[in-house]
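Participant:
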Amino acid sequence: MEGSRAWRRPTLGAVAARAGVSTATVSNALNGTGRLSEVTRQRVLAATRELGYAPASTARAQARGGTGVLGLTMTTYGDLPVPYTVIPYYADLTLGAMAAAHERGYLLLAMPSSMSPWMWLNTPMDGVIHVGPRAEDPVRSILRERGIPMISEGRPPAPHRCDAWVDADHEAGLRLLLDHLTERGALRIGLSLPLHDDAYPRLIADAYRSWCVEHRMPSLVEEYASLPDYFTAEQDAVSRLLRHDPRPDAVIGVYSDSGHNILAAARRHGLRVPRDLLVACVSEDPDYASTTPPVTTVSLRPDRVGAEAVDLLIAVINARSGVDRRRLVQPVLIPRRSTRHAVRRRNGTP
């Protein structure tokens, strides 16, 4: 009978041996301190994952005079009761940040939008990731007043020179979709654009218009209010696009449910996708793999955004020098059947 071996907690020394570095280097990598190359830092983090090493966060926090807690705000839509955790982007962002925080020996506290100013000012934490900063953003102002380290997920609409942020490269993501649709034969690509006071709609609009100028394509944009009911509002915006003469041969949406909204509007107008209209959107929703037809998407990789945000926040907490305080995560195109075939023109030719 084979004897069973008791599980033993991996040690700092074991991580150092696996990564081929000293224990001091492992500590620096996990704490976000020291002068390490990014290659070395990532090698240490990979070793901690492989061994299942988890730092004793409470002891480490006490040693550095902190709480061992990182905050993550969810206030993109103010104090409205938005179910962020069922929106794929925010769910993946939170899980990515949580995994990265735990890997570095921190707890991650996802903070609800309904918190009072007193709670924003007094909840114990070493630093905070502020998600989706807005032009009129009382929470960001309160956190600035508190004076704890803060970085943003998303570019602030009115940036300051000292801001630190992590964001998806929205311009690159939109260009991936536009170039893909052009390769599939689209000549008139419409955009349904949400109205909101974060930086995202402006970044999308600027990228779209500059791409259209570069490619000598018409700019076809219909805007819609993102609150209170963006499902109906976006479907109406897409319907307005489809009433253009000549109408678009492709439509892009940039919110999680945009693909569903565009498909619904296309059905309302009697258009077949992709035969009559190509459809694509920016979304993390896995359901697009099984819609009729499956919809081409661009993923902003929110799990990676969350992990980078934690790394940057820890660097700011520890006043680490020589780090990139403004980081872009590259998106990924996921082609599906909604853009697979060359669109047919009104005269029946592809």
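Its first residue numbered 1201, the sequence shown is counted upward by one per residue in the numbering used here. Note that the Cβ used here is the ideal one computed from N, Cα and C, for glycine as well.
Measure the alpha-carbon distance for L1307 versus M1298 and round it to whole angstroms.
Facilitator: Here residue 1307 refers to the residue found at position 107 when the sequence shown is read from its first residue. Here residue 1298 refers to the residue found at position 98 when the sequence shown is read from its first residue. Between L1307 and M1298, the C-alpha separation is close to 8 Å.
Participant: How would you write the range of the alpha helix (DSSP H) that L1321 sits in, first residue to last?
Facilitator: By 1-based counting over the sequence shown, the position of residue 1321 is 121. Start and end: 1317 to 1322.
Participant: Please classify R1344: does DSSP put it in a helix, a strand, or coil?
Facilitator: By one-based count along the sequence shown, residue 1344 stands at place 144. In the structure shown, R1344 sits in a helix (DSSP, three-state: H, G or I).
Participant: Roughly how far, in whole angstroms, is the beta-carbon of A1450 from the beta-carbon of I1389, given that I think they are within contact range, below 8 Å?
Facilitator: Taking the sequence shown and counting its residues from 1, the one referred to as residue 1450 is at position 250. Taking the sequence shown and counting its residues from 1, the one referred to as residue 1389 is at position 189. Taking a contact as a CB-CB distance under 8 Å, the pair A1450 and I1389 counts as one, their CB atoms being some 5 Å apart.
Participant: If D1398 sits next to T1276, beta carbons under 8 Å apart, how far is it from one beta carbon to the other, in whole angstroms?
Facilitator: Position 198 of the sequence shown, counting from 1, holds the residue named residue 1398. Position 76 of the sequence shown, counting from 1, holds the residue named residue 1276. Right, the Cβ-Cβ distance comes to about 6 Å (below 8 Å), so this counts as a contact.
Participant: Using beta-carbon positions only, say whether T1382 and P1474 come within less than 7 Å of one another.
Facilitator: As a working note, residue 1382 is residue 182 in the sequence shown. As a working note, residue 1474 is residue 274 in the sequence shown. Contact: no.
Participant: Is the beta carbon of I1348 less than 7 Å from the beta carbon of L1513?
Facilitator: Here the question's residue 1348 lines up with position 148 in the sequence shown. Here the question's residue 1513 lines up with position 313 in the sequence shown. For I1348 and L1513, no; Cβs fall outside 7 Å.
Participant: How would you label P1531, buried or exposed, when you count the other beta carbons within 10 angstroms and need 16 or more for buried?
Facilitator: One-based indexing of the sequence shown puts residue 1531 at position 331. Flag for P1531 reads buried.
Participant: Along the chain, where does the beta strand (DSSP E) containing Y1284 start, and where does it finish?
Facilitator: Residue numbering aside, residue 1284 sits at position 84 when the sequence shown is read from its first letter. Unbroken run through Y1284: none, as it is neither H nor E.
Participant: Taking only runs of the alpha helix (DSSP H) that begin and end inside the segment 1371 to 1430, which ones reach a length of at least 4 residues, in chain order?
Facilitator: 1400 to 1415
Participant: Cα separation between S1204 and V1269?
Facilitator: Residue mapping note: residue 1204 aligns to position 4 of the sequence shown, counting from 1. Residue mapping note: residue 1269 aligns to position 69 of the sequence shown, counting from 1. Summary for S1204: the model assigns pLDDT 46, below 50, so the residue's position carries little reliability; its value from the coordinates is reported in the next sentence. Cα to Cα, the separation comes out at about 36 Å.
Participant: Report the CB separation of P1394 from P1357 in whole angstroms; it is logged as a contact under 8 Å.
Facilitator: Looking up residue 1394 in the sequence shown gives position 194. Looking up residue 1357 in the sequence shown gives position 157. In this structure P1394 does not touch P1357 by the C-beta definition: roughly 14 Å separates them, more than the 8 Å allowed.
Participant: Which residue from G1506, W1365, H1469 puts its Cα closest to that of V1516?
Facilitator: Looking up residue 1516 in the sequence shown gives position 316. Ranking G1506, W1365, H1469 by Cα distance to V1516 puts W1365 first.
Participant: Cα separation between G1354 and A1300?
Facilitator: Reading the sequence shown from its first residue, position 154 is the one you call residue 1354. Reading the sequence shown from its first residue, position 100 is the one you call residue 1300. About 18 Å.
Participant: Could you check which residue in L1212, L1343, D1445, M1274 has the C-alpha nearest to that of G1506?
Facilitator: Position 306 of the sequence shown holds residue 1506. Nearest option by C-alpha distance: M1274.
Participant: State the beta-bridge partners of C1481 as determined by DSSP.
Facilitator: Position 281 of the sequence shown holds residue 1481. DSSP, once it has assigned bridges, lists G1453, T1497 as partnering C1481.
Participant: Round the Cβ separation of V1479 and V1454 to the nearest angstrom and send it over; I've been treating them as touching at under 8 Å.
Facilitator: Residue numbering aside, residue 1479 sits at position 279 when the sequence shown is read from its first letter. Residue numbering aside, residue 1454 sits at position 254 when the sequence shown is read from its first letter. About 13 Å separates the beta carbon of V1479 from that of V1454, a gap too long to meet the 8 Å contact definition.
Participant: If you check the beta carbons only, do P1502 and D1367 fall under 7 Å apart?
Facilitator: For the purposes of this step, residue 1502 is taken as the residue at position 302 of the sequence shown. For the purposes of this step, residue 1367 is taken as the residue at position 167 of the sequence shown. Cβ distance not < 7 Å, so P1502 and D1367 don't count as in contact.
Participant: Quick check on S1314: does DSSP put it in helix, strand or coil?
Facilitator: Taking the first residue of the sequence shown as position 1, residue 1314 is located at position 114. Collapsing the DSSP output to three states places S1314 in coil.
Participant: Which residues mark the beginning and the end of the alpha helix (DSSP H) in which A1247 is found?
Facilitator: As a position in the sequence shown, residue 1247 is number 47, starting the count at 1. Residues 1238 to 1251.
Participant: Between which two residues does the alpha helix (DSSP H) containing D1511 stretch?
Facilitator: Within the sequence shown, residue 1511 is the residue found at index 311, counting from 1. Segment 1502 to 1517, the alpha helix (DSSP H) holding D1511.
Participant: Do S1392 and E1434 have their C-beta atoms within less than 7 Å of each other?
Facilitator: Counting from one through the sequence shown, the residue named residue 1392 turns up at place 192. Counting from one through the sequence shown, the residue named residue 1434 turns up at place 234. Yes.
Participant: Run through DSSP, which three-state label would G1327 get?
Facilitator: By 1-based counting over the sequence shown, the position of residue 1327 is 127. Here G1327 sits in strand by DSSP.
Participant: I'd like the list of long-range same chain contacts for T1223, defined as Cβ closer than 7 Å, with 5 residues on each side in sequence excluded.
Facilitator: Numbered from its first residue, the sequence shown carries residue 1223 at position 23. Closer than 7 Å at Cβ, skipping near neighbours: L1212, G1213, A1216.
Participant: Could you say which of I1287, D1363, G1278, D1279 lies nearest to D1485 if we only look at CA atoms?
Facilitator: Taking the sequence shown and counting its residues from 1, one reaches residue 1485 at position 285. Considering only alpha carbons, the answer is I1287.
Participant: Going by other Cβ atoms of all chains shown within 10 Å of its Cβ, with 16 needed for buried, is G1459 buried or exposed?
Facilitator: Here residue 1459 refers to the residue found at position 259 of the sequence shown. So G1459 ends up on the buried side.
Participant: Ignore the nearest five residues each way along the sequence and tell me which others in L1387's own chain have a CB closer than 8 Å to its CB.
Facilitator: Taking the first residue of the sequence shown as 1, we reach residue 1387 at position 187. Around L1387: M1417, D1449.
Participant: What are the boundary residues of the alpha helix (DSSP H) that G1213 is part of?
Facilitator: Here the question's residue 1213 lines up with position 13 in the sequence shown. 1212 to 1219 is the span of the alpha helix (DSSP H), which, as asked, contains G1213.
Participant: Let me check understanding here. Comparing Cα to Cα, which of S1313, R1361, N1518, P1324 lies closest to P1338?
Facilitator: Against the sequence shown, residue 1338 aligns to sequence position 138. Just measuring C-alpha positions, the residue of S1313, R1361, N1518, P1324 sitting nearest P1338 is S1313.
Participant: In whole angstroms, what is the alpha-carbon distance linking I1534 and T1497?
Facilitator: The residue given as residue 1534 occupies position 334 in the sequence shown. The residue given as residue 1497 occupies position 297 in the sequence shown. The alpha-carbon atoms of I1534 and T1497 are separated by roughly 5 Å.
Participant: If the criterion is Cβ atoms closer than 7 Å, does the pair E1422 and L1442 meet it?
Facilitator: Looking up residue 1422 in the sequence shown gives position 222. Looking up residue 1442 in the sequence shown gives position 242. No, these two residues do not count as a Cβ contact at 7 Å.
Participant: Are L1272 and A1229 close, meaning C-beta to C-beta below 7 Å?
Facilitator: Working through the sequence shown from its first residue, we reach residue 1272 at position 72. Working through the sequence shown from its first residue, we reach residue 1229 at position 29. In this structure, A1229 does not lie closer than 7 Å to L1272 by Cβ.
Participant: Following the continuous alpha helix (DSSP H) through S1458, name the residue where it begins and the one where it ends.
Facilitator: As a first step, residue 1458 must be located in the sequence shown, where it is residue number 258. Note, S1458: alpha helix (DSSP H), 1458 to 1468.
Participant: So, at 6 Å on beta carbons, what are the nonlocal neighbours of L1376 in its own chain, with the 5 sequence-adjacent residues on each side left out?
Facilitator: Taking the sequence shown and counting its residues from 1, one reaches residue 1376 at position 176. Excluding sequence neighbours, L1376 sits near V1498, L1533.
Participant: On the criterion of 16 or more Cβ atoms from any shown chain inside 10 Å, does L1427 qualify as buried, or is it exposed?
Facilitator: As a first step, residue 1427 must be located in the sequence shown, where it is residue number 227. Exposed.
Participant: Just how far apart, CA to CA, sit D1326 and C1362?
Facilitator: Here residue 1326 is taken as the residue at index 126 of the sequence shown, counted from 1. Here residue 1362 is taken as the residue at index 162 of the sequence shown, counted from 1. Going from the Cα of D1326 to the Cα of C1362 covers about 19 Å.
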